[in-house]
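Undergrad: Got a structure for you, written out below as structure tokens; questions coming shortly.
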Amino acid sequence: MKKVIPVSILILICFLLALTGSMHISDFSITTPELELSPLPVPPSMYFNDPDAINLVECQFYGDYQDNPDWKEIWPRVIEEHYGININIVYPPISKYMDTIAAAASSGELTGIVEIFGGPYVEEWKEKELIYPLKEYLAGNEIWNTLIPEYWKDLYTIEDDIWAIPSGDDGMIIWKARFMRGDWLDKFGIGKPYTIDEFYQASYNFTYGDPEGNGRDDTVGFTSAGLSNLHDIFQAYDARLSTNAGSTLTWNPNTDIWEDSMIKPEMVECLEFLRECYSERILDQECFTGMTDTEMIEKVSSGFYGGTFIASTFALNSESKIRGLFPDAYMLCIGGLSHNIDRNLNPYGPGPAGSPRVLMKNTPQPEETINWFVNTFFGDEWGFWTGRLGPVGDYPGQDERACTVEGKTIVRNTYVDQTGSIKTYPGPGYIGGLPSRALYSIYEVVFYVPSPPQGFETWAEDTALRANDNTKRINSWIAEYIENGMAYILPERLTKPTSDLYIELFKDINDATRDAIQKAISGEISIDDAIEQYRMIAKALGFKEILDFENKKLEKATVQDY
């Protein structure tokens with residue numbers, strides 16, 4: 022097979038580097054030993070008409086563009102040796118990523134398979150005729166037709182064609198929920214809260230009942246980084262926030278209509294409740310001071326905050342840190358709080374499908390390229406695990422290999438870092454998963470530790486057991502709320518408006534929403550004045566036009582007015 026890099030790809034790489042100031046993988050000054058490769062056999066029928074080279078443009082490949090330079094070099098080289106095809110990968114800095122690739126796309130130099138951020142960009146790039154539709158190219162692909170979940174295809178289906186492929190997921194349900202200190206609830210003899218009133222009483226005790234028993238006034242009922250961690254409270258009042266907590270223009274699953282929660286009577290009730298929590302110091306007084314998510318998580322992990330609304334993985338990490346201070350501590354999942362309504366409160370999805378990958382116009386051999394991509398990273402076991410966890414080796418502990426696949430067992434290689442801690446090798450982040458190859462549910466995961474440091478003799482067994490237990494625990498959390506009707510599936514197409522006006526006004530909408538709500542809760546202005554301030558902006562900018570556009574697609578008519 023020819024190994025010639027097309028001129029257009031070389032131009033692309035130079036162009037991207039000029040724009041970003043980043044370094045291509047070949048420019049890093051590192052020394053890596055030559056690999057002794059023994060490629061696994063590839064079914065001859067799977068790879069047909071392979072393109073001459075594959076160009077990939079990726080965000081946060083092995084971390085940001087300066088992270089893990091050695092692995093950035095190893096990964097494409099291993100793939101080239103295994104499949105006999107040239108891989109060119111470019112990874113602009115995340116801080117400039119979309120600006121960089123948008124400029125390259127507009128110039129016509131961006132080719133190959135490119136990661137972009139979210140659905141609106143897919144629609145925009147489709148309208149600008151920057152990308153290829155994929156349905157016809159993949160019509161005869163057996164992997165695409167049998168292994169790829171339908172909901173992946175639906176995510177980026179526009180006008181009956183498919184315009185992007187998600188990076189994937191294991192099919193694990195993704196959602197955010199409220200997590201509270203279960204040991205504090207136990208101390209006060211309070212059961213798990215299911216209503217706003219029960220939540221208030223628990224949070225009041227967390228703030229004023231000295232849950233740590235140290236005689237100090239040093240605990241807070243619950244915390245939040247802005248509005249981002251208050252979703253469930255707004256949902257309880259049927260005054261929903263968007264998934265990014267930056268808008269009240271949302272789809273209501275109980276009425277199947279787009280509405281503006283800000284101008285509903287229920288919003289007044291919700292703001293009154295949150296204002297009471299804030300004035301009584303039950304809600305963290307620093308929540309509207311620009312605190313980041315990371316800073317908020319650190320607060321929860323300190324052991325002096327009763328909880329927050331957060332993704333399950335972060336809750337588990339916080340729980341582990343709290344136990345370092347308070348060994349009996351544990352986090353309890355509150356998957357929904359009822360008040361004005363008690364059904365379809367908290368949204369969840371079938372899995373974090375990941376950022377979309379698009380096939381750029383001007384890509385040489387586009388059909389061969391997209392079929393190679395699907396067959397390699399989803400259809401072939403070696404390619405899949407190399408894309409997800411890092412290069413697959415022939416045996417545990419093989420140099421420069423991240424893992425080994427032995428039947429239904431994944432052996433992850435480890436190393437000892439400079440602090441004496443055991444670490445798994447970093448993954449490329451290129452593939453997020455596949456439901457038919459789910460870690461910890463379909464596969465057993467074990468860890469290979471060549472020489473455990475003193476005190477870490479059982480690290481491999483303990484880590485694998487903890488990961489398996491966490492998976493079971495997370496699944497049990499959501500199961501209860503699906504069964505009682507509090508949790509509901511939020512279709513991707515209804516997560517946010519898609520109209521051009523919404524995209525144009527995105528920042529203005531976020532600013533108007535957050536400014537009004539935060540001022541109302543903190544008491545800076547009255548609730549009535551906050552809502553009136555918002556109404557004036559919404560009317561001037563034409564928010565109703567956004568609602569009308571979205572509801573027309575549902576064959577509904579907007580009933581609200583500003």
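Using my numbering, the letters of the sequence shown correspond one by one to residues 22 to 583. Glycine included, every Cβ here is placed at the ideal spot set by N, Cα and C.
Check Thr425 in the structure and name its three-state DSSP category.
TA: It is a strand residue.
Undergrad: What residues match up with Phe468 in a beta bridge as DSSP calls it?
TA: Phe468 pairs with Arg433.
Undergrad: Tell me the DSSP secondary structure of Ile46 in three-state form.
TA: In this prediction, Ile46 has a pLDDT of 25, which is less than 50 and means its spatial position is unreliable; what the coordinates show is noted afterwards. Correct three-state label for Ile46: helix.
Undergrad: To which residues of the same chain is Ala488 closer than 7 Å at the C-beta, ignoring the five residues directly before and after it?
TA: If we look at Ala488 and ignore the five residues flanking it on each side, its Cβ neighbours are Tyr461 and Val466.
Undergrad: Can you give, in chain order, each stretch of the alpha helix (DSSP H) that sits fully within the segment 469-511 and has at least 4 residues?
TA: Qualifying alpha helix (DSSP H) stretches, in chain order: 480-504.
Undergrad: Can you tell me where the beta strand (DSSP E) holding Cys354 begins and where it ends?
TA: Cys354 -> beta strand (DSSP E) spans Met352 to Ile355.
Undergrad: Can you tell which of Lys285, Glu307 and Gly448 has its C-alpha closest to the C-alpha of Arg556?
TA: Checked all of Lys285, Glu307 and Gly448; the closest Cα to Arg556 is Lys285.
Undergrad: Taking only the alpha-carbon atoms, compute the straight-line gap between Gly133 and Ile115 and give it to the nearest angstrom.
TA: So the alpha carbons of these two residues sit roughly 19 Å apart.
Undergrad: Return the CA-CA distance between Phe82 and Gly414, expressed in angstroms with no decimal places.
TA: Roughly 20 Å separates the two Cα atoms.
Undergrad: Identify every run of the beta strand (DSSP E) within the segment 156-238, keeping only runs that are complete inside it and at least 3 residues long; order them along the chain.
TA: Counting only runs of 3 or more, we get 195-202.
Undergrad: Which value, in whole angstroms, describes the spacing of the CA atoms of Glu144 and Leu155?
TA: Rounded to whole angstroms, Glu144 to Leu155 spans 14 Å at the Cα level.
Undergrad: Suppose you measure from the CA of Asp181 to the CA of Lys147; what does that come to, to the nearest Å?
TA: Asp181 and Lys147: Cα-Cα distance of roughly 13 Å.
Undergrad: In whole angstroms, what is the alpha-carbon distance linking Ala459 and Ile452?
TA: Each residue's alpha carbon lies about 12 Å from the other.
Undergrad: Which class does Pro62 belong to by DSSP, given the choice of helix, strand or coil?
TA: Reliability fails at Pro62, whose pLDDT of 38 lies under 50, so the model's placement of it is uncertain and the value that follows must be treated cautiously. Coil at Pro62, not helix or strand.
Undergrad: Skipping 5 residues on each side, what residues in its chain have a beta carbon closer than 8 Å to that of Thr425?
TA: Around Thr425: Val413, Gly414, Asp415, Tyr416, Pro417, Gln419, Ile431, Val432, Asn434 and Tyr469.
Undergrad: Roughly how far, in whole angstroms, is the beta-carbon of Arg378 from the beta-carbon of Glu136, given that I think they are within contact range, below 8 Å?
TA: About 6 Å separates the two Cβ atoms, so the contact holds.
Undergrad: Apart from the five residues on each side of it in sequence, which residues of its chain come closer than 6 Å, Cβ to Cβ, to Arg98?
TA: Closer than 6 Å at Cβ, skipping near neighbours: no residue.
Undergrad: For Leu326, which beta-bridge partners are listed by DSSP?
TA: For the record, residue 326 in the displayed sequence is Tyr; it is not Leu. For Tyr326, which the question treats as bridged, DSSP gives the partners Val241.
Undergrad: Do three or more CB pairs link the segment 157-170 to the segment 297-308 at distances below 8 Å?
TA: Verdict: no, contact absent.
Undergrad: Determine the burial state of Pro471: buried for a count of at least 16 other Cβ atoms within 10 Å of its Cβ, exposed for fewer.
TA: Flag for Pro471 reads exposed.
Undergrad: Please list the terminal residues of the continuous alpha helix (DSSP H) segment that includes Thr407.
TA: From DSSP, the alpha helix (DSSP H) with Thr407 extends over Glu402 to Arg409.
Undergrad: Taking contact to mean 3 or more Cβ pairs, one atom from each stretch, closer than 8 Å, check whether the segment 231-248 and the segment 317-331 are in contact.
TA: Contact holds: three or more Cβ-Cβ distances are below 8 Å.
Undergrad: Between Asp204, Ala257 and Gly212, which lies nearest to Gly234 when the distance is taken from Cα to Cα?
TA: Here the closest residue by C-alpha is Asp204.
Undergrad: Mark Leu346 as exposed unless 16 or more other C-beta atoms lie within 10 angstroms of its C-beta, in which case mark it buried.
TA: Result: exposed.
Undergrad: Is the beta carbon of Tyr502 sitting closer than 8 Å to the one on Asn365?
TA: In this structure, Asn365 does not lie closer than 8 Å to Tyr502 by Cβ.
Undergrad: Please say whether Pro449 and Trp96 have beta carbons closer to each other than 8 Å?
TA: Taking 8 Å as the Cβ cut-off, Trp96 and Pro449 qualify as a contacting pair.
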